[in-house]
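Q: In my numbering, the protein residues as written are 1345 to 1880.
Backbone N, C-alpha and C fix where the C-beta goes; we use that ideal spot for every residue, glycine too.
After the structure tokens below, expect a handful of questions from me.
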Ligand code: HEM
């Protein structure tokens, strides 16, 4: 009896202790001199955000931060479960946290469910100290090598077959159903092929065969990596220890299948390299293993096998849906603005003609091109990645001259609120690529243009994404006119896991095949053209 009483007293004191702890935690915002939305015990601001989602639909998500800025000022505090974050659109504070004080903010913002294998030691999440002794800085220096111009040029050669396949498929689909198609689905399949080829060393063709194992597992993974679709995901936000159950979630099971395949193919590649078998066109795995060999030569510890697997997986996750969303948004915006599409087509036609290959040099060496302006404006108008641009404080400091930031507190730059603000862009909700023609803002260091983040920890794959986006869009615009579909006149985007995706995961447009210059010439001579394809 006394024993039971003691246990009950012990449990009660734990609960009381936890409640006091929570009350103290919720007072932190006030202590730091910040305002913010109303909080609840244990769930912070979650009820507030949930209410907005129920009343206005999840398509309201891009507008929430801008509204909060309006209400509470450019810097306010927000509680997401057990995490407290300072949200700021102030360019001076953004520069301070992401660039000048980066040493105090090396870690990315914490998403509990990602703080376990196989994501914890991948570049997207790894902290300044990794699980196996190598932290963000060292991993970043290995991964950066993959994205040098020399490596990217080689990877670009791997694109050609995939783009040929895409154009074949689009051409067949545009001959049925009046050219109507879910262009997002097509781009997703194609970027999966490209990133699987470049990051995982897998030569697959999802664009032609949607039954492929990688494709179905990756689709299951992304389709279920949502707060509302997974109880474990939800629980992990409030009680972080639940993250260790990741492998039992729907997305965790799909992830495990790919990770096992990936691990086996990395082991095989290690054996090949030990036997002197080196591939002519190295993919990401080859490049990481080569860097690892250099580390050993220089007396450093090599990256652990799990770290190599985690990083190949991180590049796959980061490189798959991001670029397909960007391409889908660009297709929609060009369909909605035919005059912009005509200018873009003119430039692509005069650069590449009908028959020339869309080569790396011409795609990437035209920084002031109209296509570059379309790329920048698409990402400003519909940024695909919105939740990564945040950092966690690793050493207490002061920002903005007066705000104390204790260790563990996050600072977040809300991408929509920054890039849709009238203070930063004239007529921000209009699609005007010309604004970027002479604007140097689209560099990695601008605090008002954030599609790829900012500072030393910005998107390591930004140049790869740019290369893929421009090559694919040039190929598509060269062969097709993109028109709006009546079922999809308006596009709403919704916040998914880390991505901002088209609502319903589909984006319908109509494609109409263009006639090539040679066809037009033949027809003007009254001949029936036998030319069917425009070459990529
Ligand atoms: C249009 C396409 C893409 C967009 C909009 C995008 C956006 C972003 C953003 C906003 C971040 C966070 C930056 C920050 O915290 O400051 C990020 C990080 C990252 N991205 Fe991308 N990304 C894209 C494509 C890619 C591709 C193709 C790859 C790889 C092949 C990639 C790999 C990564 C990695 C590894 C990180 C983490 C970098 C680090 O923590 O050091 N991304 N990306």
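List the residues that DSSP assigns as beta-bridge partners of residue 1755.
A: Beta-bridge pairing links residue 1755 to 1430 and 1735.
Q: To which residues of the same chain is residue 1594 closer than 6 angstroms at the C-beta, ignoring the five residues directly before and after it?
A: Hits under 6 angstroms: 1568.
Q: Please tell me whether, using a cut-off of 8 angstroms, the distance from the CB of residue 1635 to the nearest non-hydrogen atom of ligand 1 is below it.
A: No, the beta carbon of residue 1635 sits no closer than 8 angstroms to any heavy atom of ligand 1.
Q: Which word fits residue 1394, buried or exposed, when buried means at least 16 other C-beta atoms lie within 10 angstroms of its C-beta?
A: By the neighbour-count rule (16 or more Cβ atoms within 10 Å), residue 1394 is not buried but exposed.
Q: Go through its chain and collect everything with a Cβ distance to residue 1541's Cβ below 8 angstroms, but skip five positions before and after it.
A: Around residue 1541: 1502, 1506, 1547, 1548 and 1627.
Q: To the nearest angstrom, how far is it from the Cα of residue 1340 to the Cα of residue 1612?
A: Here the chain has residues from 1345 to 1880 only, and residue 1340 is not among them.
Q: For residue 1661, count neighbouring Cβ atoms within 10 angstroms of its own Cβ and tell me buried if that reaches 16, exposed if not.
A: Buried: at least 16 other Cβ atoms inside 10 Å.
Q: For residue 1823 versus residue 1527, is the C-beta distance shorter than 9 angstroms?
A: It is not a contact, given that the beta carbons lie outside the stated cut-off.
Q: With DSSP as the reference, label residue 1824 as helix, strand or coil.
A: Strand, per DSSP.
Q: In three-state DSSP terms, what is residue 1524?
A: Strand, per DSSP.
Q: Report the partner residues of residue 1837 according to the DSSP bridge assignment.
A: DSSP output for residue 1837 lists 1846 as bridge partner(s).
Q: Determine contact between the segment 1791-1799 and the segment 1440-1447, defined as no fewer than three beta-carbon pairs at a distance below 8 angstroms.
A: Yes: the two stretches touch, three or more of their Cβ pairs being nearer than 8 angstroms.
Q: With distances taken Cα to Cα, identify the nearest neighbour of residue 1652 among 1614, 1671, 1777 and 1680.
A: The option with the nearest alpha carbon to residue 1652 is 1614.
Q: Can you tell which of 1389, 1364 and 1460 has the C-alpha that lies nearest to the C-alpha of residue 1412?
A: It is 1389.
Q: Span of the alpha helix (DSSP H) holding residue 1667?
A: Counting along the chain, the alpha helix (DSSP H) containing residue 1667 begins and ends at 1649-1680.
Q: Flag this pair as touching only if the segment 1668-1681 and the segment 1721-1737 have three or more C-beta atom pairs under 8 angstroms; answer yes or no.
A: Verdict: yes, contact present.
Q: Identify which residue in 1398, 1432 and 1489 has its Cα closest to the Cα of residue 1409.
A: Answer by Cα proximity: 1432.
Q: Please confirm whether any heavy atom of ligand 1 lies closer than 8 angstroms to the CB of residue 1781.
A: Incorrect: residue 1781 has no Cβ contact closer than 8 angstroms to ligand 1.
Q: Going by DSSP in three states, residue 1876 sits in which element: helix, strand or coil?
A: Legend: pLDDT at residue 1876 = 45, less than 50; position of this residue unreliable, value from coordinates given subsequently. Coil.
Q: Can the beta-carbon of residue 1577 be found less than 9 angstroms from the beta-carbon of residue 1457?
A: Going by C-beta atoms, residue 1577 is nearer than 9 angstroms to residue 1457.
Q: Using DSSP with H/G/I as helix, E/B as strand and the rest coil, what is residue 1386?
A: Coil.
Q: Any idea what DSSP makes of residue 1769, helix, strand or coil?
A: Three-state DSSP puts residue 1769 in coil, outside helix and strand.
Q: Given residue 1644, which residues of its chain have a CB within under 7 angstroms of its CB, disregarding the five upstream and five downstream residues?
A: For residue 1644, where only same-chain residues beyond five positions count, there are no Cβ hits under 7 angstroms.
Q: Do you know whose CA, among 1825, 1617, 1808 and 1381, lies nearest residue 1497's CA?
A: Among 1825, 1617, 1808 and 1381, the Cα nearest to that of residue 1497 is on 1808.
Q: Classify residue 1363 as helix, strand or coil using the three-state DSSP reduction.
A: Residue 1363 falls in the helix class under three-state DSSP.
Q: Going straight from the alpha carbon of residue 1359 to that of residue 1488, what length do you get?
A: Spanning the two alpha carbons is a distance of roughly 47 angstroms.
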